[in-house]
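Notes to accompany the following structure.
There are 2 protein chains.
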Amino acid sequence: MLDLNKINKHYNLKEGISLEDLSQVFLHIHQANYKCNQNIIAEGSSKREVYFIKNGLVRTYWVNKKGEEITTGLFWESQFFASHDIVLLNKKSRFYYQALEDTEILYGDYDLFQEIVENNQKLHKSRKFVFQEMLLKGLERIESFTMYKPEERYLRFIADKPDLINRVPDKYIANVLGITPVSLSRIRKRIADKK
Amino acid sequence: MLDLNKINKHYNLKEGISLEDLSQVFLHIHQANYKCNQNIIAEGSSKREVYFIKNGLVRTYWVNKKGEEITTGLFWESQFFASHDIVLLNKKSRFYYQALEDTEILYGDYDLFQEIVENNQKLHKSRKFVFQEMLLKGLERIESFTMYKPEERYLRFIADKPDLINRVPDKYIANVLGITPVSLSRIRKRIADKK
DNA sequence: TTGATTTATTATCTTTTGTTAATTACATCT
DNA sequence: AGATGTAATTAACAAAAGATAATAAATCAA
Chain A
9 MLDLNKINKH YNLKEGISLE DLSQVFLHIH QANYKCNQNI IAEGSSKREV
59 YFIKNGLVRT YWVNKKGEEI TTGLFWESQF FASHDIVLLN KKSRFYYQAL
109 EDTEILYGDY DLFQEIVENN QKLHKSRKFV FQEMLLKGLE RIESFTMYKP
159 EERYLRFIAD KPDLINRVPD KYIANVLGIT PVSLSRIRKR IADKK
Chain B
9 MLDLNKINKH YNLKEGISLE DLSQVFLHIH QANYKCNQNI IAEGSSKREV
59 YFIKNGLVRT YWVNKKGEEI TTGLFWESQF FASHDIVLLN KKSRFYYQAL
109 EDTEILYGDY DLFQEIVENN QKLHKSRKFV FQEMLLKGLE RIESFTMYKP
159 EERYLRFIAD KPDLINRVPD KYIANVLGIT PVSLSRIRKR IADKK
């Protein structure tokens, strides 16, 4: 079942958009369920699709020269994601996108959605909103790398998204913060000792 | 003089957009020249404006608790910038935006431009393009923090934008890479010694 | 529930970075 | 040219992070 309300709430779709406008979009949405640890997008893929997380959790990672998986980002419920390598750069995806929990996904063809938006004035605002949210999330993360040290980044991460600590293995969180799992463990200890 | 060609070249404004469409926009563009070191946006400002760099160089920085200026980003010719605190978050700007060279700027009211775009279908593609470019630039930077260590980040910075090394003081570049100026100096020495 | 596997912590050592201060190099201005 | 201010380098030490390995804890599957 498509839970329109949640999407509306999060993405400002309401203002001036009728169900009729939305139906154009929803006709082309597919649903897929991924088991924990299953890949949604694999490295090398070139499927031009955009994904929306109904519920669950997704990480994106790549494999470096040493063969280590480096997690570069996390996405959770009510967020859109896509391989920007594929949809924006027209390249093969350098990254994997993997479910970290059993995850329900809505997805559809990226170019088709762009076309639908091009042809329906009312949807432009929603697209702008989605891009803005992504941009802001990105800017905030960049700022945290330049403005704070790892320990502060970790504390801000907790404050910002407390539930993720219990849903995401530390080793992935460490990568997202730009440090090693061993170092994160020491930071946690340091913080605990201060109290 | 407004050099439309340069803007067109960089921002995909050409396809299907007539000079008439553009004139709507250009009617509301102002020009300003900033001397090296002059502030374009000050911390605390809430002027809802968007800026385009005709030529020159701009850094964005904030002042931390210790009173140190931390440079979080750089913008150069043919790029748009704005205080995202102001235009996207409706807050006062946490950041300064300062010319690092004598800089020619085109600027205008952010909300007005948004409105013009809302009312002219043909401009939507251009706005999307601008947002995408910003998003891609941001994602690339985030990736570099999670995927590479400082030395690699510096080498990639040089490879990506060689001219900036000669235009931007090292202390600002260091901040952008997430390290201290002293550490950058050591990295430079290490690289030189390897050869 | 137990055994196997993965994850997190701890320990040790090396490397890098941060911090502060001194020194050198560079640029600017009168 | 000489004085002044700013930036970059170097030095010395402390703090933090990376790497690797060993251990403990937690998770998963049979």
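These protein sequence lines are chains A and B, in that order. Heads up, the first sequence is in my numbering, so the first residue is 9 and it goes up one at a time. Heads up, the second sequence is in my numbering, so the first residue is 9 and it goes up one at a time. For every residue, glycine included, the Cβ atom is placed at its ideal position computed from N, Cα and C.
Considering only the alpha carbon of each residue, which of the options lies closest to residue i?
i: serine 101 of chain A; options: A:Trp70, A:Gln46, A:Phe88; result: A:Trp70
i: arginine 67 of chain B; options: B:Gly75, B:Glu85, B:Ser54; result: B:Glu85
i: threonine 111 of chain A; options: A:Asn63, A:Gln140, A:Glu126; result: A:Asn63
i: lysine 179 of chain A; options: A:Glu28, A:Leu143, A:Glu76; result: A:Glu76
i: aspartate 168 of chain B; options: B:Lys157, B:Pro177, B:Ser152; result: B:Ser152
i: isoleucine 48 of chain B; options: B:Ala90, B:Arg198, B:Lys74; result: B:Ala90
i: arginine 196 of chain A; options: A:Leu172, A:Gly186, A:Pro158, A:Leu131; result: A:Pro158
i: valine 176 of chain A; options: A:His132, A:Tyr105, A:Glu109; result: A:Glu109
i: tyrosine 42 of chain A; options: A:Ser54, A:Leu65, A:Asp29; result: A:Leu65
i: tyrosine 162 of chain A; options: A:Pro189, A:Val138, A:Asn98; result: A:Pro189
i: serine 31 of chain A; options: A:Arg135, A:Leu147, A:Asn128, A:Ile78; result: A:Asn128
i: glycine 186 of chain B; options: B:Ile37, B:Lys73, B:Phe165; result: B:Phe165
Compare the C-beta of residue i against all C-beta atoms of chain A and say whether one is closer than 8 Å.
i: isoleucine 181 of chain B; result: no
i: glutamine 106 of chain B; result: no
i: glutamine 129 of chain B; result: yes
i: phenylalanine 89 of chain B; result: no
i: glycine 75 of chain B; result: no
i: phenylalanine 34 of chain B; result: no
i: arginine 194 of chain B; result: no
i: methionine 9 of chain B; result: With a pLDDT of only 44 at methionine 9 of chain B, under 50, the local geometry of the prediction cannot be trusted, and the value read off the model is given with reservation. Answer no: the Cβ-Cβ gap between methionine 9 of chain B and chain A never drops below 8 Å.
i: isoleucine 78 of chain B; result: yes
i: histidine 38 of chain B; result: no
i: phenylalanine 121 of chain B; result: no
i: glycine 146 of chain B; result: yes
i: threonine 111 of chain B; result: no
i: phenylalanine 83 of chain B; result: no
Below 8 Å on the Cβ atoms is my contact criterion, and I expect residue i with residue j to pass it. Report the Cβ-Cβ distance as a whole number of Å.
i: leucine 192 of chain A; j: alanine 182 of chain A; result: 4 Å
i: isoleucine 113 of chain A; j: phenylalanine 60 of chain A; result: 7 Å
i: aspartate 117 of chain B; j: arginine 56 of chain B; result: 6 Å
i: tyrosine 104 of chain A; j: glutamate 51 of chain A; result: 5 Å
i: glutamine 46 of chain A; j: alanine 107 of chain A; result: 5 Å
i: leucine 120 of chain B; j: glutamine 140 of chain A; result: The Cβ separation is near 18 Å, so there is no contact.
Would you say residue i lies against chain B (beta-carbon separation less than 8 Å)?
i: arginine 149 of chain A; result: yes
i: glutamine 140 of chain A; result: yes
i: phenylalanine 137 of chain A; result: no
i: glycine 186 of chain A; result: yes
i: isoleucine 166 of chain A; result: no
i: glycine 116 of chain A; result: no
i: arginine 67 of chain A; result: no
Could you name the residues that DSSP lists as bridge partners for residue i?
i: leucine 65 of chain B; result: B:Trp84
i: phenylalanine 60 of chain A; result: A:Phe88, A:Leu114
i: valine 71 of chain A; result: A:Glu77
i: histidine 38 of chain A; result: A:Tyr115
Q | Uninterrupted alpha helix (DSSP H) stretches inside the region 81 to 158 of chain B (no shorter than 4 residues) | A | Counting only unbroken stretches of 4 or more residues, the alpha helix (DSSP H) elements lying wholly within the region 81 to 158 of chain B are 92 to 95, 118 to 126, 129 to 155, in sequence order.
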